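Here our numbering is used: the first residue of the sequence shown is 1, the next is one more, and so on. From the three backbone atoms N, C-alpha and C, an ideal C-beta is built for every residue, glycine too. On a predicted model such as this, the values are computed, not experimentally measured, just so you know. Accompanying notes for the structure given below.
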Amino acid sequence: MSKTIGFRTPQDQADAFVAKGKESFDEPSEPVKRMTLDVPASLHKALKRKAVDDGLSMRELVIQWVREKLNA
Numbered sequence: 001m002s003k004t005i006g007f008r009t010p011q012d013q014a015d016a017f018v019a020k021g022k023e024s025f026d027e028p029s030e031p032v033k034r035m036t037l038d039v040p041a042s043l044h045k046a047l048k049r050k051a052v053d054d055g056l057s058m059r060e061l062v063i064q065w066v067r068e069k070l071n072a
């Protein structure tokens, strides 16, 4: 009797994210501005992992956090 373990590997999570398709780059409802941040490599890695875990792009995750913080 084989036992199924209920977790996914990071590769499985990445594959699922890619299968969803790229985020939509339709015309935004308002102009956008580019922002560049220099962050420690460990923080970048943690952000990328969190985004994959949540099924979001890093961009989507950061925008979500900024909106929540600013209550916008």
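Going by alpha carbons, who is nearest to residue i out of the options?
i	options	result
V39	K48, P31 and D54	K48
L37	A16, R59 and E30	R59
V66	Q13, M35 and A46	M35
Quick check on DSSP: helix, strand or coil for residue i?
i	result
M75	Outside the shown range of the chain, which is 1 to 72, sits residue 75, and nothing can be said about it.
P40	coil
E60	helix
E68	helix
Leaving aside the five residues before and after residue i along the sequence, list all residues of the same chain whose C-beta is less than 8 Å from its C-beta, in chain order.
i	result
P10	R49 and V52
L56	Q64
Below 8 Å between beta carbons: does that hold for residue i and residue j?
i	j	result
L43	D54	no
Only counting the same chain, and skipping five residues up and downstream in sequence, which positions put a Cβ closer than 7 Å to that of residue i?
i	result
V18	none
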